[in-house]
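Asks: In my numbering, the protein residues as written are 3 to 103.
Yeah, the Cβ is synthetic: ideal placement off N, Cα and C, and Gly gets one too.
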């Protein structure tokens with residue numbers, strides 16, 4: 003749907019910004035985030051967003067790919083967030099950052 007497409011585009015833009023935030027990028031690319039995952043914490047979506055984000059960061063910064071598909075990350079975000087209309091980039095950014103901490 004058009005709403006899904008717009009959400010994917012917004013999430014892609016957010017990923018690009020976060021991927022170039024050096025402290026955040028380094029934390030995820032190094033794998034240091036894994037020791038802080040709490041699969042029992044529902045407030046951080048049981049680590050699902052952080053794990054999916056870590057995978058995307060590794061794909062982006064590995065140098066192995068010219069193009070990185072973020073479909074799995076987008077699917078994770080869409081599955082975990084409430085399905086209501088009129089979401090904007092600020093909503094998605096807030097949701098993703100909540101899931102990363």
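Out of curiosity, what's the CA-to-CA distance linking residue 98 and residue 79?
Replies: The alpha-carbon atoms of residue 98 and residue 79 are separated by roughly 7 angstroms.
Asks: Buried or exposed for residue 4, please, with buried defined as at least 16 other CB atoms from any protein chain shown within 10 angstroms of its CB.
Replies: For residue 4, the pLDDT reaches just 47, beneath the cut-off of 50, and the residue's location in the model is therefore unreliable, although a value from the coordinates is still provided. So residue 4 counts as exposed.
Asks: Please return the same chain residues whose Cβ sits closer than 7 angstroms to the Cβ of residue 30, not counting the five positions on each side in sequence.
Replies: Here the set comprises 55, 56 and 59.
Asks: How is residue 89 classed by DSSP in three states: helix, strand or coil?
Replies: Note: residue 89 maps to coil in three-state DSSP.
Asks: In whole angstroms, what is the alpha-carbon distance linking residue 68 and residue 18?
Replies: If I take the Cα positions, the gap works out to 14 angstroms.
Asks: Can you tell me which of the three DSSP states residue 4 falls into?
Replies: Low local confidence applies: a pLDDT of 47 at residue 4 is under 50, so the model's placement there is unreliable, and no value is given.
Asks: Just list the alpha helix (DSSP H) runs in the region 37–75, keeping only unbroken ones of 4 residues or longer that don't cross its boundaries, in chain order.
Replies: Here the runs fully enclosed are 50–63.
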